Amino acid sequence: MTSEGEQAADPDHHLGAGDRPDPALGMDLSDIEAAEGFPRVPDAFQRLWTPHRMVYIGGQDKPKDSGPAECPFCAAPKKSDEEALIVARGETVYAVLNLYPYNPGHLLICPYRHVADYTELTPAETVELAEFTQKAMEVIRAVSGPDGFNLGMNQGEVAGAGIAAHLHQHVVPRWSGDANFLPIVAQTKALPQVHADVRAALSKEWNR
Ligand SMILES: [Zn+2]
């Protein structure tokens, strides 16, 4: 077992004054306070702190009304690809990274038009949305070799649509064993790659 593993298995191990984390991590350690100064009850659990998730949990990004003015899917194409995490732009639809991915490379294919229901798409939008979905699968396969995909549209909030007012098709790459205990017990996904890197890799392959 590694020393890290031994430490993780020892619930009584706490950071002491002379027991700083590895400076190789590149953190500024001057602000870290020793655990001795705080009320505490040791137990068997490790803690994974995810304060960035509060933006999602608090709904700060969620539009207040369902009109185009507040809609993130209407706003994204007006920004640069890098800023909006857009991977590819078509005539009637575009592909964008989901800011809250289930897995790295989780894409959303959206019409530019602010429509909610699949039946509202024009024939041209319907065809291009399907073509973009196929292309997204090919690109993700070439870049990261997933074992499978989940494809789908949640129609209405009751069906799980986070932004119900603007249609979006999910393209979610899946790997064997990607559903570990974290999403089940903690509603948390561990994501090993940051958005900018994923977007750059997918965009490069899409336009190859
Ligand atoms: Zn919209």
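Per the numbering used here, the sequence shown starts with residue 2, numbered consecutively. Positions of the beta carbon are idealized from the N, C-alpha and C atoms, including for glycine. Just so we're clear, the structure is a prediction, and the values are computed from it rather than from any experiment.
Check	Outcome
By the three-class DSSP mapping on this structure, what secondary structure does ILE87 have?	strand
Would you decide whether TRP207 is buried or exposed? Buried here means 16 or more other CB atoms lie within 10 Å of its CB.	buried
Does DSSP classify ARG41 as helix, strand or coil?	coil
Which residues neighbour ligand 1 when neighbourhood means a C-beta less than 7 angstroms away from any of its non-hydrogen atoms? List them by chain order.	PRO69, CYS72, PHE74, CYS75, HIS115, ALA166 and HIS167
Return the residue from the list ARG142, ILE87 and ALA35 that minimises the CA-CA distance to ARG200.	ILE87
My guess is that TYR113 and THR127 are in contact by the Cβ rule of under 8 angstroms, so how many angstroms apart are they, rounded?	Not really, about 14 angstroms apart at Cβ, beyond 8 angstroms.
Are there 16 or more other CB atoms within 10 angstroms of the CB of ALA35, so buried, or fewer, so exposed?	exposed
Could you check where the alpha helix (DSSP H) with GLN156 kicks off and where it finishes?	Counting along the chain, GLN156 falls outside any alpha helix (DSSP H), and DSSP gives it neither H nor E.
Using the Cα positions of VAL82 and THR123, report the straight-line distance between them to the nearest angstrom.	Sequence inspection shows Asp at residue 82; the Val mentioned does not correspond to that position. Computed Cα separation, rounded: 25 angstroms.
With a cut-off of 8 angstroms, do at least 3 Cβ pairs link the stretch 67 to 75 to the stretch 129 to 147?	no
Which residues mark the beginning and the end of the alpha helix (DSSP H) in which PRO174 is found?	Here PRO174 belongs to no alpha helix (DSSP H); instead the beta strand (DSSP E) covers 170 to 175.
Rounded to whole angstroms, what is the Cα-Cα separation between SER204 and GLU37?	49 angstroms
Under 8 angstroms between the Cβ atoms of HIS196 and LEU98?	yes
Between which two residues does the beta strand (DSSP E) carrying LEU122 extend?	Run containing LEU122: none; DSSP gives neither H nor E here.
State yes or no: is the C-beta of TYR119 within less than 8 angstroms of the C-beta of MET154?	yes
Which residue's Cα is closest to the Cα of CYS111: TYR103, GLU132, ASN104 and PRO105?	GLU132
If you follow the alpha helix (DSSP H) that PRO73 is in, where does it begin and where does it stop?	73 to 76
To the nearest angstrom, how far is it from the Cα of PRO163 to the Cα of VAL42?	For the record, residue 163 in the displayed sequence is Gly; it is not Pro. Rounded to whole angstroms, GLY163 to VAL42 spans 38 angstroms at the Cα level.
With DSSP as the reference, please indicate the residues paired to ALA137 in a beta bridge.	None, per the DSSP bridge assignment.
Assign ASN104 to one of two classes, buried (16 or more other C-beta atoms within 10 Å of its C-beta) or exposed (fewer than that).	buried
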